[in-house]
Amino acid sequence: MKRLKLEFLRRLIGGILLVSLILAGFCGPMQEYLAIPKNITLFEGQKLELENSVAANAGINGGEGNVKIAQARHAMKLEGKWQGNDEMVLDLAGFPIKKVDVNVLKDFKVVPGGQSIGVKLNTVGVLVVGHHQVDASEGKVSPGETAGIKVGDIITEINGTQIDKMADVAPFVQQAGEGGKPMDIVIKRESGKFNTKLQPKKDKQDSTYKLGLYIRDSAAGIGTMTFFHPQSKKYGALGHVISDMDTKKPIVVEDGQIVRSTVTSIEKGANGNPGEKLARFSSDREVIGNIKRNSPFGIFGALNRNMENGIYDKPMPIALSHQVKEGPAKILTVVDNDEVKLFDIQIVSTIPQKFPATKGMVIKVTDPKLLEKTGGIVQGMSGSPIIQNGKLIGAVTHVFVNDPTSGYGVHIEWMLNEAEINIYEKPKQQAS
Numbered sequence: 395m396k397r398l399k400l401e402f403l404r405r406l407i408g409g410i411l412l413v414s415l416i417l418a419g420f421c422g423p424m425q426e427y428l429a430i431p432k433n434i435t436l437f438e439g440q441k442l443e444l445e446n447s448v449a450a451n452a453g454i455n456g457g458e459g460n461v462k463i464a465q466a467r468h469a470m471k472l473e474g475k476w477q478g479n480d481e482m483v484l485d486l487a488g489f490p491i492k493k494v495d496v497n498v499l500k501d502f503k504v505v506p507g508g509q510s511i512g513v514k515l516n517t518v519g520v521l522v523v524g525h526h527q528v529d530a531s532e533g534k535v536s537p538g539e540t541a542g543i544k545v546g547d548i549i550t551e552i553n554g555t556q557i558d559k560m561a562d563v564a565p566f567v568q569q570a571g572e573g574g575k576p577m578d579i580v581i582k583r584e585s586g587k588f589n590t591k592l593q594p595k596k597d598k599q600d601s602t603y604k605l606g607l608y609i610r611d612s613a614a615g616i617g618t619m620t621f622f623h624p625q626s627k628k629y630g631a632l633g634h635v636i637s638d639m640d641t642k643k644p645i646v647v648e649d650g651q652i653v654r655s656t657v658t659s660i661e662k663g664a665n666g667n668p669g670e671k672l673a674r675f676s677s678d679r680e681v682i683g684n685i686k687r688n689s690p691f692g693i694f695g696a697l698n699r700n701m702e703n704g705i706y707d708k709p710m711p712i713a714l715s716h717q718v719k720e721g722p723a724k725i726l727t728v729v730d731n732d733e734v735k736l737f738d739i740q741i742v743s744t745i746p747q748k749f750p751a752t753k754g755m756v757i758k759v760t761d762p763k764l765l766e767k768t769g770g771i772v773q774g775m776s777g778s779p780i781i782q783n784g785k786l787i788g789a790v791t792h793v794f795v796n797d798p799t800s801g802y803g804v805h806i807e808w809m810l811n812e813a814e815i816n817i818y819e820k821p822k823q824q825a826s
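Just so you know, we're using my numbering here: the sequence shown kicks off at 395 and counts up by one.
Dropping the structure here:
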């Protein structure tokens, strides 16, 4: 009988504890701790405060001391000491309630931009941007269209010879026209490469042989520098892909250059009509860097030398996507001549992205001076660096057509990734 009573008591106590734990899971303090991310990333020297209504105990479980924890009554403070990983264990009233992986990254800084830059892209081969009719003896015809060549195609070879620029095409056109033998053309298209034959036709008006194609071998424009890495001289700019104005397709880059540019005037934006910076390449046309990549996140390459904006010329820490907060921020951009200025904006919303994506933030211009000058976000402002709490968090990318005061921003970590800068590089193992 005594044994039965003890067993009953044991089960009763166990049941009460179980119910208490279940109920605790729905109480405020428990929910707050469960809401703490399972993974936290810090940079060396960075501090993070987690506020809670009831303090829990936190300790490092078998780690190497990469993270320092300071307890307070209603908060817990973390500090990244040095690069590496640790596991933090939270317990409440002696019961372990959560494990959190803390990853400390190497201290990393870049120099923010804001300068207006001129961009020249040289394509792979020559880009087909349109068709036209040749007034030949047998009637009007487009030989290129007859050969199956489409707008957006890239001509990479003619008769086995690589084509790099428009001047390379003319001798083959003349030779094929006079000889009456079609050219063997290699075309690069989104779906892959294919071969075709193209016979030029003689235009009755000017007696020259023509392809019936509009072609281009380079593109130029302006944008804004986002950042450069002082150690490697790698940079990122624009925050979005450069597409051909005629085909609307991303330009496949062979190489390119960036130069300084000067803003001459502003076409103010309005609802349904985005504005634009009007600028010219600086008179000296000095090349300040190359272009190696044109991606959805901007253009990337290496600078020949450091660039200064006159406001933030020293390396600045960055914030990862999950560290960006809704609220006030600033952008660096040029609206007159070549002077970089700081303007107020608001981070309306931000998405803590785990994978690269171009639209990570919604931003709104709040600065009265910028609104007066531009109406908000205008073309040419893309790439303007976004600063929050002394950290570079991203870049301006697109404007909302129906609301020029607002637009999208891209998180800086994805631009760094495209620039082939690895902020997640693991520490080298020390020799034993």
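Where a beta carbon is used, it is the ideal one built from N, C-alpha and C, also for glycine. These numbers come from a predicted model, not from an experiment.
Span of the alpha helix (DSSP H), counted from its first residue to its last, around Gln-569:
Sequence index remark: in the sequence shown, residue 569 carries index 175 (1-based). Segment 564-573, the alpha helix (DSSP H) holding Gln-569.
Quick check for students: name the residue ranges of the alpha helix (DSSP H) that lie wholly in the stretch 529-601, counting only runs of 4 or more.
Runs found: 537-540 and 564-573.
Using 8 Å as the threshold, is the C-beta distance between Thr-435 and Asn-497 below it?
Locating residue 435 in the sequence shown gives position 41, counting from the first residue. Locating residue 497 in the sequence shown gives position 103, counting from the first residue. Cβ atoms of Thr-435 and Asn-497: closer than 8 Å.
Beta strand (DSSP E) segment containing Met-470, residue limits
Stepping through the sequence shown from its first residue, residue 470 is reached at position 76. Looking at the DSSP string, the run of the beta strand (DSSP E) that includes Met-470 is 469-474.
Cutting at 7 Å between CB atoms, please list the residues of its own chain near Asn-816, excluding the five before and the five after it.
Walking along the sequence shown from the start, residue 816 turns up at place 422. If we look at Asn-816 and ignore the five residues flanking it on each side, it has no Cβ neighbours.
Grab the span of the alpha helix (DSSP H) containing Glu-807 for me, first residue to last.
Translated into positions along the sequence shown, residue 807 becomes position 413. Counting along the chain, Glu-807 sits inside the alpha helix (DSSP H) bounded by residues 806-812.
Name the DSSP beta bridge partners of Met-619, please?
The residue labelled residue 619 in the question sits at position 225 within the sequence shown. Per DSSP, Ala-631.
Mind checking which residues open and close the beta strand (DSSP E) that includes Thr-727?
Counting from 1 along the sequence shown, the entry for residue 727 is found at position 333. Per DSSP, the continuous beta strand (DSSP E) segment holding Thr-727 begins and ends at 721-728.
Along the chain, where does the alpha helix (DSSP H) that runs through Pro-762 open and close?
Here residue 762 refers to the residue found at position 368 when the sequence shown is read from its first residue. Here the alpha helix (DSSP H) through Pro-762 covers 762-768.
Assign Met-639 to one of two classes, buried (16 or more other C-beta atoms within 10 Å of its C-beta) or exposed (fewer than that).
As a position in the sequence shown, residue 639 is number 245, starting the count at 1. By the neighbour-count rule (16 or more Cβ atoms within 10 Å), Met-639 is not buried but exposed.
What does the alpha-carbon distance come out to for the pair Ser-447 and Ile-430?
The sequence position of residue 447 within the sequence shown is 53, counting from 1. The sequence position of residue 430 within the sequence shown is 36, counting from 1. For Ser-447, the pLDDT reaches just 48, beneath the cut-off of 50, and the residue's location in the model is therefore unreliable, leaving the point undetermined.
Integer-rounded CB distance, given that Ile-739 should sit under 8 Å from Lys-719:
To locate residue 719, count along the sequence shown from 1; it is residue 325. To locate residue 739, count along the sequence shown from 1; it is residue 345. About 13 Å; that fails the 8 Å criterion.
Run the CB neighbour count on His-805, radius 10 Å, all protein chains shown included, and call it buried at 16 or more, exposed below.
Numbered from 1 along the sequence shown, position 411 holds the residue referred to as residue 805. That one is buried.
Between which residues of its own chain and Lys-475 is the CB-CB distance below 6 Å, once the five residues before and five after are set aside?
Taking the sequence shown and counting its residues from 1, the one referred to as residue 475 is at position 81. These residues qualify, in order along the chain: Asn-460 and Lys-462.
Helix, strand or coil: how does DSSP classify Gln-740 here?
Here residue 740 refers to the residue found at position 346 when the sequence shown is read from its first residue. Gln-740 falls in the strand class under three-state DSSP.
Report all residues from its chain with a CB closer than 6 Å to the CB of Val-563; omit the five preceding and five following residues, and keep chain order.
Counted from its first residue, the sequence shown places residue 563 at position 169. Around Val-563: no qualifying Cβ.
Cβ-Cβ separation, Thr-590 to Gly-542 (assumed contact under 8 Å), whole Å:
One-based indexing of the sequence shown puts residue 542 at position 148. One-based indexing of the sequence shown puts residue 590 at position 196. Rounded, the Cβ-Cβ distance is 5 Å, consistent with contact.
When we look at the beta-carbon of Glu-814 and count the other beta-carbons within 10 Å, is it buried (16 or more) or exposed?
Indexing the sequence shown from 1 puts residue 814 at position 420. Its Cβ having fewer than 16 others within 10 Å, Glu-814 is exposed.
Output the boundary residues of the beta strand (DSSP E) element that contains Ile-780.
Within the sequence shown, numbered from 1, the residue matching residue 780 stands at position 386. Counting along the chain, the beta strand (DSSP E) containing Ile-780 begins and ends at 779-782.
Whole-angstrom C-beta distance between Ser-689 and Arg-674, which should lie under 8 Å
Counted from its first residue, the sequence shown places residue 674 at position 280. Counted from its first residue, the sequence shown places residue 689 at position 295. Going by Cβ atoms, the distance from Arg-674 to Ser-689 rounds to 26 Å, so no, they are not a contact pair.
Would you identify the three-state DSSP class for His-792, choosing helix, strand or coil?
Residue mapping note: residue 792 aligns to position 398 of the sequence shown, counting from 1. Reduced to three states, the DSSP call for His-792 is strand.
Does the beta-carbon of Ala-631 have 16 or more other beta-carbons within 10 angstroms, so that it is buried, or is it exposed?
Reading the sequence shown from its first residue, position 237 is the one you call residue 631. So Ala-631 ends up on the buried side.
In whole angstroms, give me the CA-to-CA distance for Val-793 and Ala-561.
Sequence index remark: in the sequence shown, residue 793 carries index 399 (1-based). Sequence index remark: in the sequence shown, residue 561 carries index 167 (1-based). Going from the Cα of Val-793 to the Cα of Ala-561 covers about 37 Å.
DSSP state of Val-504 mapped onto helix, strand, coil:
Residue mapping note: residue 504 aligns to position 110 of the sequence shown, counting from 1. Val-504 falls in the strand class under three-state DSSP.
For Leu-810, count neighbouring Cβ atoms within 10 angstroms of its own Cβ and tell me buried if that reaches 16, exposed if not.
In the sequence shown, counting from the first residue as 1, residue 810 sits at position 416. Leu-810 should be labelled buried.
Determine the burial state of Phe-831: buried for a count of at least 16 other Cβ atoms within 10 Å of its Cβ, exposed for fewer.
The displayed coordinates of the chain run from 395 to 826. Any statement about residue 831 would go beyond what the structure contains.
Secondary structure of His-526, DSSP reduced to three states:
The residue given as residue 526 occupies position 132 in the sequence shown. Coil.
Over the uninterrupted beta strand (DSSP E) stretch that includes Ser-655, give me the two end residues.
Looking up residue 655 in the sequence shown gives position 261. Looking at the DSSP string, the run of the beta strand (DSSP E) that includes Ser-655 is 647-661.
Straight-line Cα distance separating Pro-709 from Lys-493
As a working mapping, residue 493 is identified with position 99 in the sequence shown. As a working mapping, residue 709 is identified with position 315 in the sequence shown. Cα-Cα distance, rounded: 34 Å.
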